[in-house]
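Residues 3 to 105 (this note's numbering) are what the first sequence spells out, left to right. Glycine included, every Cβ here is placed at the ideal spot set by N, Cα and C. Note that the coordinates shown come from a computational prediction; the quantities given were computed from them, not determined experimentally. Here the structure is laid out as structure tokens; the discussion comes afterwards.
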Amino acid sequence: MGMDFYARVRHILESIPSGRVATYGQIAELAGAPKRSRHVAKVLKSAGQALPWHRVLGAGGKIRTQPPDQQAQLLRLEGVLVSGERVSLKQFGWTISPLAFAD
DNA sequence: CCGATGACTCACG
DNA sequence: CCGTGAGCCATCG
């Protein structure tokens, strides 16, 4: 058997490039469990700074961490434009072939 | 086993 | 755009 969901999520998170963002739902889908976006959030919460947690946003590109300031700042440091608590997925959304994590 | 929980998401008003 | 409610599902006590 292969990696479990949590290991897959960590692996995927590590490949999000600086200056790009992904959503909880997108990560869950890539990890093969589209209904588990809440669990992706759980991984991020417990992983601390070991993972690029700031590059993950809620649906539509909204910052969900509370307070949102720190995440917004980290994103800006890598060139991501944050308007209010929003990031345009159109411009900064990470896109990758699902086949890249097909195993 | 049961109920509560959560960095979620979507539909609806 | 902002709730609200329902659906979701592993984890915890």
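Per DSSP, cross-strand counterpart(s) of residue i
i, result
"A24", "V58"
"K64", "G60 and R88"
Distance between beta carbons of residue j and residue i, contact taken as under 8 Å
i, j, result
"S39", "G21", "Between G21 and S39 the Cβ distance is about 23 Å, and since that is not below 8 Å, they are no contact."
"L53", "L77", "Not a contact, Cβ separation roughly 15 Å."
"L79", "V23", "13 Å between Cβ atoms; not a contact."
Under the three-state DSSP convention, the category residue i falls into
i, result
"G34", "coil"
"S151", "The question about residue 151 has no answer, for the chain in this structure spans 3 to 105."
"R78", "helix"
"R88", "strand"
"D71", "helix"
"A104", "coil"
"L83", "coil"
Residue i beta carbon near the ligand FAD (any heavy atom closer than 7 Å)
i, result
"I18", "With respect to small molecules bound, the structure shown includes none, and the ligand FAD cannot be examined in it."
N-terminal and C-terminal residue of the alpha helix (DSSP H) that residue i is part of
i, result
"I98", "Segment: none, I98 is in no alpha helix (DSSP H) and carries neither H nor E."
"R10", "F7 to E16"
**Message:** Taking contact to mean 3 or more Cβ pairs, one atom from each stretch, closer than 8 Å, check whether the segment 27 to 37 and the segment 64 to 76 are in contact.
**Reply:** They do not touch, by the three-pair rule.
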